[in-house]
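Take a look at the structure set out below.
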Amino acid sequence: MSETKIILAAYVVAIYAICTCGCVPDRGAYTPSIPGHKVETLGEGVFARILVPAGSSVNQNVRGAPEEPKPFDFLPYPGNWAEIIQPQSPNESLGHIPFRVMILTDALAKGSTLGIKPIAVLQLDSAGIPRDIIIAVPADSLLMSLQIDGFVDLITEYEPVRYILQTWFVNHRGFGAFEVVGWRDEAYANKLLSVDTIPIH
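Residue numbers for the sequence shown, in our numbering: 3 to 203.
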């Protein structure tokens, strides 16, 4: 069996565990769901809103007019696909798109918001167009399924996770749709977010 097939097999097992378990011991029924886009009394930090829960292969729009779900022909999301919560600004009316982030934890409800801790950036290229994918973990330890504190942990203790993420992003829109430019650490991720994220009060 080739290395790629082994990695993909491991990925399928991981996704199955996410979908069937959905929780970690001692979390109880804890949920970070906070309806709507407005976030209040959560303290300062970086917050994101879930667009597609982990384990789903269907893109669903949670903003604006309802759209028909659009499944894609690949393995489901290995984490929770989300957008960074940003303030209303002139950039939004000009088509500004909030940063997207993959949050590594169990499946969370679509539309819910939570504090996150960026740990890395996966830099991709699609036909000459650069794309930065922020990788993060929950800021709340009760929601963490991986004990990753930063980029060093990702590339030392959880290198297979990094490889699975890279393989998924490169191939989820079809073979050759994306090429890997490289990986950057949490300092680079925070620099990307320093201008566009909301200081939550």
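For every residue, glycine included, the Cβ atom is placed at its ideal position computed from N, Cα and C. Nothing here was measured: the structure is a model prediction, and the numbers come from that model.
The count of Cβ pairs closer than 8 Å, one atom from the segment 165-178 and one from the segment 142-150, stays below three, leaving the stretches out of contact. For L144, the number of other beta carbons within 10 angstroms of its own is below 16, and it is reported as exposed.
Residue pairing from DSSP places A50 in a beta bridge opposite I86, L116. Sixteen is the threshold: since fewer than 16 other Cβ atoms of the shown chains lie within 10 Å of the Cβ of E161, the residue is exposed. Counted as a single uninterrupted DSSP element, the beta strand (DSSP E) harbouring R133 occupies residues 131-140. Going by DSSP, I105 is part of the beta strand (DSSP E) stretching over 102-105. Around the C-beta of R133, fewer than 16 other C-beta atoms lie within 10 Å, and the residue is accordingly described as exposed. A distance below 6 Å between beta-carbons, with the five flanking residues on each side excluded, links R186 to the following residues of its chain, in chain order: V123.
In chain order, P120 place their CB closer than 7 Å to the CB of N192, counting only its own chain and leaving out the 5 sequence neighbours on each side. In this structure, M146 keeps its C-beta atom at 8 Å or more from the C-beta atom of V154. Remark: C-beta atoms of Q125 and V183 approach each other more closely than 8 Å. Cα atoms of V163 and W170: separation of roughly 11 Å, rounded to the nearest angstrom. Where E188 is concerned, the enclosing alpha helix (DSSP H) starts and stops at 188-195.
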